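Down below is the structure, laid out as structure tokens.
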Amino acid sequence: MKFCSTRGGESGKSFSDVIIKGYAEDGGLYVPEEIPSISEETLAKWKTMSYPDLCAAILDLFDSDRLLGSIEQSRERFRNCYANFNHPEVLKVVEFPGDGTMIAELFHGPTLAFKDLALFGVAMIADELLKRRQRKCLAVVATSGDTGSSAARAVATMENGSIIVLFPKNFITKTQERQMTTISSENVHIVEGEGNSDELDVVLKDLTRDENLQQTHNIAIFNSINVARIVLQIPYFFYSYFRVIESKETGLDHAVTFVLPTGGGGNLAGGVFAKAMGLPIRFVICNNSNAAMHNIIQTSTLSKSADAADVQKTLACAMDIKVPYNLERVFYVLSKKDTKSVKEVMELFEAAENSFVATDEVILQTMKRCWVKNREIICPHTATAVAFYHHLLDNRVDFQQQFGSIVCVATASPAKFPEAVEKAKIDAKVSHPVIEALDNLPELNKTLMKRDENWLEFMKKFISKHNL
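First residue of the sequence shown? That's 488 in the working numbering, and the numbers climb one at a time after it.
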């Protein structure tokens, strides 16, 4: 398996070549040169696998370097990687009894967000590569909410890596912030930036383009710009699909639609890869009021603006994004690697997928309805997906024919968003031991990056000051 840039400037790269790097030399994103096609026989074998074993099987298709060793060794490494997750299956698919909502709960990791599923694996693989090369790396991450704490916790387990996490001031919840700023590990550094997530992403790109920094500090990006993140997001589509057809007692040709809360599009990219591998799935892309992906699908227009004034602060803060950078990978797969205009690719996209926007008002209504009908509390991001399902129910849509089985993807635990739960007027306390433990921890780790500063120079000085 070799990797290339979506823009054609690089090819023939190994998995080892690309998992530390973020952007390709030409500014594109790395993708597999060929996406493996999975036979029905292999799908039948995968159906019975545990989640860690499925991760090992899928990684084996993309990592020709066998960084985790033999397939047996890789399975054992993934089992250890997920041993501290909060559910024995790592993730689960449930059906709410009140209205039949099917939910893929991807939030049972150490930081209670779906990002844990890929990031802890990426950190494990990167650490092994660095050990072999006798090198260190400096990971950098810009977060719109949940990536930061997940990446920080994952890198804290590494022997050969450090991390700087940038988060946008006033754009994330207090709980999300404290999940980062209470980390006491010496290799974790947190920077609060006076901007939005899209603006912080620009700094990341500038850092990777600085050849001197890249040479001296081995800069790695752990956002979903990193192709290893996407590869390790493929397994949960397969695993969730298998659990759905088990519950429905159907075969491997049964159609399933995943309703995806979408920000930067990494989740969607993983799903599109899974679909290209042969999984019979479709997607509905759900946005908050920023509607980045929705506007692209409906109008074929991509806004390049990352100005703070253009990004609305919403209850689903991890999706407060205007520039979904992983769209470049989605275009690449849908165009089947041919050079096509955006219009042609969007015609392919619109023919296959749907999109939906949930305002804060709709998010709160959905959270409340879910509680009243099912006695289940969901997070505001998950609510954007469940709102679409409610929309179908309310309009008496025959969704079985159009969508097959519908699975709403739950990206985070509601315990991370007590303010939203309170605003939804849910008469129950939402809590989790992971969140409760934060109350007893001091804030150790936060540096402010002001809007009027040169952010690239700030980051260079920060790296030098902390000897990273």
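In this text, a Cβ means the ideal position worked out from N, Cα and C, and glycines have one as well. Treat the numbers as computed from the prediction; the structure is a model and nothing was measured.
{"Item": "With 16 other Cβ atoms within 10 Å as the buried cut-off, status of A839", "Value": "With a pLDDT of 44 at A839, under the threshold of 50, the modelled position of that residue is not reliable, and no figure is offered here."}
{"Item": "Inter-residue spacing [alpha-carbon to alpha-carbon] between F729 and V759", "Value": "17 angstroms"}
{"Item": "Status (buried if at least 16 other CB within 10 Å, exposed otherwise) for V966", "Value": "For the chain, the structure presents residues 488 to 955; residue 966 sits outside this window and is missing."}
{"Item": "According to DSSP, residues forming a beta bridge with T934", "Value": "V678"}
{"Item": "For I651, the three-state DSSP class (helix, strand or coil)", "Value": "strand"}
{"Item": "Reduced DSSP secondary structure (H/G/I, E/B, other) of R769", "Value": "strand"}
{"Item": "Extent of the continuous alpha helix (DSSP H) to which M589 belongs", "Value": "It is not in any alpha helix (DSSP H) - M589 instead sits in the beta strand (DSSP E) that spans 589-592."}
{"Item": "DSSP-derived helix/strand/coil call for I507", "Value": "coil"}
{"Item": "Beta-bridge partners of K948, as assigned by DSSP", "Value": "Bridge partners of K948: none, in fact."}
{"Item": "Reference E944; option with closest CA among K860, I865, D697, L931", "Value": "D697"}
{"Item": "Residue range of the alpha helix (DSSP H) that includes P519", "Value": "Element bounds for P519: not the alpha helix (DSSP H) but the beta strand (DSSP E), 517-519."}
{"Item": "Backbone secondary structure at V894 - three-state DSSP", "Value": "strand"}
{"Item": "Helix, strand or coil at A870 according to DSSP, with G and I counted as helix", "Value": "helix"}
{"Item": "Buried versus exposed, by CB contacts within 10 Å (16 or more), N954", "Value": "exposed"}
{"Item": "Distance between N713 and L616 (C-alpha atoms, nearest Å)", "Value": "15 angstroms"}
{"Item": "Check whether S637 and A600 have beta carbons under 9 angstroms apart", "Value": "yes"}
{"Item": "Reduced DSSP secondary structure (H/G/I, E/B, other) of K762", "Value": "helix"}
{"Item": "Other residues of its chain near V718: CB distance less than 6 angstroms, five sequence neighbours each side excluded", "Value": "F549"}
{"Item": "Contacts around K827, its chain only, beta-carbon distance under 7 angstroms, and the 5 residues preceding and following it disregarded", "Value": "In this predicted model, K827 has a pLDDT of only 49, less than 50, meaning its place in the structure is not dependable; the value taken from the coordinates is given anyway. Answer for K827: no residue qualifies."}
{"Item": "Enclosing beta strand (DSSP E) for F583 [first to last residue]", "Value": "That residue, F583, is in no beta strand (DSSP E); it is neither H nor E in DSSP."}
{"Item": "Beta-carbon proximity list for A543, same chain, < 7 angstroms, skipping 5 on both sides", "Value": "I558, S561, R562, F565"}
{"Item": "Nearest-angstrom beta carbon gap, V652 and M667 [assumed within contact, 8 angstroms]", "Value": "6 angstroms"}
{"Item": "The stretch 616-633 / the stretch 886-895 touching (three or more Cβ pairs under 8 angstroms)", "Value": "no"}
{"Item": "Extent of the continuous alpha helix (DSSP H) run through I922", "Value": "920-923"}
{"Item": "Beta-carbon spacing of F904, V746 below 9 angstroms", "Value": "no"}
{"Item": "Classification of S951 by the beta-carbon crowding that lies within 10 angstroms, buried from 16 upward", "Value": "exposed"}
{"Item": "Chain D contact for T668 (CB, 9 angstroms cutoff)", "Value": "Within the model displayed, chain D is absent; a lone protein chain is all it includes."}
{"Item": "Per DSSP, the bridge partner or partners of F490", "Value": "K500, P519"}
{"Item": "Residues near I677 by beta carbon distance below 6 angstroms, same chain, minus five either side", "Value": "V652, M667, T668, N932, K933"}
{"Item": "Given 8 angstroms, three or more beta-carbon pairs between the stretch 700-716 and the stretch 488-508", "Value": "yes"}
{"Item": "C-beta contact flag for P597 and N573 at 9 angstroms", "Value": "yes"}
{"Item": "Buried or exposed (CB count within 10 angstroms, at least 16 for buried), A610", "Value": "buried"}
{"Item": "N- and C-terminal bounds of the alpha helix (DSSP H) containing A544", "Value": "538-549"}
{"Item": "Burial state of E733, where buried means 16 or more other Cβ atoms lie within 10 Å", "Value": "exposed"}
{"Item": "Assigned exposure category for D513 - 16 Cβ within 10 Å defines buried", "Value": "exposed"}
{"Item": "Straight-line gap, V844 to Q702 (C-alpha atoms, nearest Å)", "Value": "43 angstroms"}
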